[in-house]
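Undergrad: Residue numbers (this note's numbering): 1 to 456.
Cβ atoms here follow ideal geometry from the backbone N, Cα and C, with glycine treated the same way.
First, the structure itself, so that you have it in front of you.
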Amino acid sequence: MRIKEIRTRVARWKGKAVPLPPHFCTNPMDLLALPAVSMRTFTFHSWLIVEVFTDDGHVGIGNAALAPEATKQVIDCYLQPILIGFDPWDTEFLWQHMYRKTMAFGRKGIGMAAMSAVDIALWDILGKSAKQPVYRLLGGKMKPRIPVYASRLYNIELGKLAAEAEGYKEDGFKAMKLRFGWGPVDNAAGMQRNIDLVRTVREVVGNDIDVMADAYMGWTLDYAKRMLPLLEPFHLRWLEEPVVPDDIRGYAELKSCGRIPIAGGEHEYTLFGFRDLLDAQAVDYVQFDTNRVGGISQARKIAALAEAHYVPVIPHAGQMHNYHVVMSSLNAPMAEYFPVVDVEVGNELFWYIFNGEPRAKDGFVDLEENLPGLGLTINEEALKQSSKLSNEHAPPSTKKRGYSACRSGARASPATACRGFVGLPAGKHRCRRRSKAVRDRAPKGHAGTLGLRSHL
Ligand SMILES: [Mg+2]
């Protein structure tokens with residue numbers, strides 16, 4: 001079996017989105033003096049879809065939500081040319097080739113997100129080729145079903161927040177996570193408002209349900225240290241991303257306080273990144289996301305490393321690429337679950353793009369035993385409809401600089417690796433803006449960035 005083609009496309013939400021009020025959730029930009037409308041820049045309403053085709057007819061599906069337009073370019077220009085013609089069963093060799101090819105710029109961030117999306121697609125192929133769900137390739141079921149926690153509860157009016165938490169309790173969730181809305185620039189009054197959020201959820205769900213809280217990198221070490229004693233009475237299961245991911249010492253200091261377990265890692269990358277976190281005793285919970293951390297090939301190694309440290313793994317986000325790792329891991333007691341809601345932040349967008357994501361029932365998701373691969377398909381019908389609504393190739397800001405984000409066709413020859421760009425012969429491959437002649441030959445209405453209807 002050989003890799004024949006790799007296709008990438010960005011699905012962009014063009015429908016109505018729920019506007020986010022100021023302080024909807026904390027984030028790293030909170031320390032900057034930005035206007036209140038800055039919550040708009042927090043949303044991400046596009047998603048990268050990767051399809052890897054083999055010469056014997058299998059199609060592996062991967063995805064990435066991190067900077068999808070840029071991630072797509074990494075795959076089209078740097079990864080696709082070195083993967084064509086190889087056997088997808090050689091996942092470790094291919095991962096190492098991608099990693100070492102992009103070493104200078106790809107170790108963290110969008111380079112690794114691109115590798116992750118491809119790696120996930122390769123594992124999907126392996127499962128389909130072996131006619132087995134991916135979790136069986138990773139060791140099989142370690143639990144009959146996967147307990148999941150409801151992950152939403154943003155900073156909204158307290159009565160509505162209570163009602164939302166009550167709803168999750170009634171749906172059978174045994175754990176749920178809320179978001180803080182206030183950070184260091186909001187002073188002592190903001191700290192009290194954060195406490196109000198936690199108190200509201202704790203009071204409505206009682207003590208038999210786990211409550212977690214997420215600062216999403218929006219605090220500082222000093223602020224977090226002042227918050228810990230205020231939060232302690234509510235016995236949170238964990239405090240998530242209290243400081244920026246580069247502040248490993250800050251994480252370790254907060255963990256050493258021993259007042260509330262500390263969780264992090266959704267913005268950390270590769271086995272090396274988690275080795276550093278675990279060596280520093282910086283986290284009580286590891287939260288990699290398989291579609292950022294290096295794909296399933298890295299996620300399973302990090303899960304094993306965490307197991308040796310007796311640190312539980314509870315990945316960021318639900319989604320199949322994480323569920324299959326959780327299902328097959330001893331030390332992955334639970335998974336995150338983004339409820340199906342109207343498009344708001346962007347976390348929920350995958351529900352609109354893919355078919356096959358399991359819905360939570362009584363606080364659990366289950367994985368089909370007879371579904372080979374990851375069990376996902378692309379909702380092509382929705383994407384087809386949406387192409388009538390949108391024919392954009394790139395965000396306006398990049399268009400001005402002459403870029404043209406493209407729906408790449410898979411190309412066996414590196415010379416044409418990036419549709420929309422002129423490639424150079426193998427060995428000299430690099431991306432350039434496509435010539436006018438090439439642009440004129442492009443099919444009319446070619447949709448590089450797909451929009452989606454608001455009601456799918
Ligand atoms: Mg988080």
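Can you tell me which residues form a DSSP beta bridge with residue 178?
TA: Your numbering for residue 178 matches position 178 in the sequence shown. Beta-bridge annotation (DSSP): residue 178 is paired with 213.
Undergrad: Would residue 501 and residue 287 be called neighbours here (beta carbons separated by less than 8 Å)?
TA: There is simply no residue 501 to check, as the chain begins at 1 and stops at 456 in what is shown.
Undergrad: Quick check on residue 11 - is its C-beta less than 8 Å from some C-beta in chain B?
TA: Here chain B cannot be found, since the structure has a single protein chain.
Undergrad: With the cut-off set at 8 Å, would you say residue 60 and residue 122 are in Cβ contact?
TA: What you label residue 60 is simply residue 60 of the sequence shown in a count that begins at 1. What you label residue 122 is simply residue 122 of the sequence shown in a count that begins at 1. Taking 8 Å as the Cβ cut-off, residue 60 and residue 122 qualify as a contacting pair.
Undergrad: Is residue 321 near ligand 1, going by C-beta to nearest heavy atom under 7 Å?
TA: One-based indexing of the sequence shown puts residue 321 at position 321. Result no, Cβ not under 7 Å from ligand 1.
Undergrad: Per DSSP, what kind of secondary structure is residue 123 in: helix, strand or coil?
TA: Taking the sequence shown and counting its residues from 1, the one referred to as residue 123 is at position 123. Helix at residue 123.
Undergrad: Under 8 Å by Cβ, that's how I've got residue 379 and residue 354 pegged, so tell me the actual separation to the nearest angstrom.
TA: As a first step, residue 379 is located in the sequence shown; it is residue number 379 there, counting from the start. As a first step, residue 354 is located in the sequence shown; it is residue number 354 there, counting from the start. Right, their Cβ atoms sit about 6 Å apart.
Undergrad: At what residue ranges does the segment 343 to 383 contain a whole run of the beta strand (DSSP E), taking only runs of 3 or more?
TA: none
Undergrad: Just how far apart, CA to CA, sit residue 301 and residue 86?
TA: Translated into the one-based positions of the sequence shown, residue 301 becomes position 301. Translated into the one-based positions of the sequence shown, residue 86 becomes position 86. Going by the C-alpha atoms only, they are around 23 Å apart.
Undergrad: Do the segment 268 to 278 and the segment 290 to 299 meet, that is, are 3 or more Cβ pairs less than 8 Å apart?
TA: With a cut-off of 8 Å, the segment 290 to 299 and the segment 268 to 278 count as touching, because enough Cβ pairs lie within range.
Undergrad: Could you tell me whether any non-hydrogen atom of ligand 1 is closer than 7 Å to the CB of residue 324?
TA: Position 324 of the sequence shown holds residue 324. Checking the Cβ of residue 324 against ligand 1 gives no.
Undergrad: Please identify the residue among 371, 225, 327 and 72 whose C-alpha is closest to the C-alpha of residue 144.
TA: On the sequence shown, residue 144 is found 144 positions in, with the first residue counted as 1. Among 371, 225, 327 and 72, the Cα nearest to that of residue 144 belongs to 327.
Undergrad: What do you get for residue 18, buried or exposed, if any count of 16 or more other CB atoms within 10 angstroms of its CB means buried?
TA: As a first step, residue 18 is located in the sequence shown; it is residue number 18 there, counting from the start. By the neighbour-count rule (16 or more Cβ atoms within 10 Å), residue 18 is not buried but exposed.
Undergrad: Near residue 229, which residues of its chain fall below 7 Å by C-beta distance, leaving aside the five closest residues on each side in sequence?
TA: Counting from 1 along the sequence shown, the entry for residue 229 is found at position 229. Only 259 meet the Cβ criterion.
Undergrad: How would the residue list near ligand 1 read, in chain order, if you kept each one whose beta-carbon is closer than 7 Å to any heavy atom?
TA: 214, 216, 240, 241, 266, 287 and 316
Undergrad: Please work out which residues of its chain come closer than 6 Å, Cβ to Cβ, to residue 148, disregarding the five sequence neighbours upstream and downstream, and give them in chain order.
TA: One-based indexing of the sequence shown puts residue 148 at position 148. Within the same chain, residue 148 has close Cβ partners 335, 337, 360 and 365.
Undergrad: Which full runs of the alpha helix (DSSP H) of 4+ residues lie inside the segment 84 to 108, going along the chain?
TA: Runs found: 91 to 101 and 103 to 106.
Undergrad: For residue 58, tell me which candidate among 159, 125 and 381 has the shortest Cα-Cα distance.
TA: If you number the sequence shown from 1, residue 58 lands on position 58. Comparing Cα-Cα distances from residue 58 to each of 159, 125 and 381, the minimum goes to 125.
Undergrad: Taking residue 309 as the reference, give the member of 284, 333 and 204 with the closest Cα.
TA: Stepping through the sequence shown from its first residue, residue 309 is reached at position 309. When only C-alpha atoms are compared, the closest one is 284.
Undergrad: What beta strand (DSSP E) runs, 3 residues minimum, are completely inside the segment 245 to 291?
TA: Within the segment 245 to 291, the complete beta strand (DSSP E) segments at least 3 residues long are 262 to 264, listed from N- to C-terminus.
Undergrad: Using the C-alpha atoms, what's the distance from residue 52 back to residue 142?
TA: Taking the first residue of the sequence shown as position 1, residue 142 is located at position 142. Taking the first residue of the sequence shown as position 1, residue 52 is located at position 52. Cα-Cα distance, rounded: 29 Å.
Undergrad: Of all the options 24, 381 and 158, which has the alpha carbon lying nearest to the alpha carbon of residue 201?
TA: Walking along the sequence shown from the start, residue 201 turns up at place 201. Taking only the C-alpha atoms, the option nearest residue 201 is 158.
Undergrad: Taking Cβ positions, are residue 102 and residue 109 nearer each other than 8 Å?
TA: The residue given as residue 102 occupies position 102 in the sequence shown. The residue given as residue 109 occupies position 109 in the sequence shown. The answer is no: Cβ separation not under 8 Å.
Undergrad: In whole angstroms, what is the alpha-carbon distance linking residue 414 and residue 80?
TA: In the sequence shown, counting from the first residue as 1, residue 414 sits at position 414. In the sequence shown, counting from the first residue as 1, residue 80 sits at position 80. Note on residue 414: pLDDT 31, under 50, position unreliable in the model; the coordinate value appears next. Spanning the two alpha carbons is a distance of roughly 8 Å.
Undergrad: Looking at C-beta atoms only, is the number of pairs between the segment 175 to 183 and the segment 340 to 347 that lie closer than 8 Å three or more?
TA: Two segments are said to touch when three or more pairs of C-beta atoms, one from each, lie closer than 8 Å; by this definition the segment 175 to 183 does not touch the segment 340 to 347.
Undergrad: Where does residue 277 land, buried or exposed, given buried means 16+ other C-beta within 10 angstroms?
TA: Position 277 of the sequence shown, counting from 1, holds the residue named residue 277. Residue 277 comes out buried.
Undergrad: Nearest to residue 91 by alpha carbon, out of 120, 72, 107 and 67?
TA: Within the sequence shown, the letter at position 91 stands for residue 91. Answer by Cα proximity: 120.
Undergrad: Can the beta-carbon of residue 12 be found closer than 8 Å to that of residue 45?
TA: As a first step, residue 12 is located in the sequence shown; it is residue number 12 there, counting from the start. As a first step, residue 45 is located in the sequence shown; it is residue number 45 there, counting from the start. In contact: residue 12 and residue 45 (Cβ atoms closer than 8 Å).
Undergrad: Let me make sure I understand the geometry here. Which of 25, 246, 370 and 312 has the alpha-carbon closest to that of residue 151?
TA: By one-based count along the sequence shown, residue 151 stands at place 151. Residue nearest to residue 151 within the set 25, 246, 370 and 312 is 25 (criterion: CA-CA distance).
Undergrad: Could you tell me if residue 203 is buried or exposed, where buried requires 16 or more neighbouring beta carbons within 10 angstroms of its beta carbon?
TA: Within the sequence shown, numbered from 1, the residue matching residue 203 stands at position 203. Exposed, by the Cβ-count rule.
Undergrad: Under three-state DSSP, which class holds residue 331?
TA: On the sequence shown, residue 331 is found 331 positions in, with the first residue counted as 1. Coil.
Undergrad: Using a Cβ distance threshold of 8 Å, determine whether the segment 129 to 140 contacts the segment 155 to 170, with at least three qualifying pairs required.
TA: Counting Cβ pairs under 8 Å, fewer than three are found: no touch.
Undergrad: DSSP on residue 4, reduced to helix/strand/coil?
TA: For the purposes of this step, residue 4 is taken as residue 4 along the sequence shown, with counting starting at 1. Three-state result, residue 4: strand.
Undergrad: Could you tell me which residues DSSP pairs with residue 313 in its beta bridges?
TA: Looking up residue 313 in the sequence shown gives position 313. For residue 313, which the question treats as bridged, DSSP gives the partners 286.
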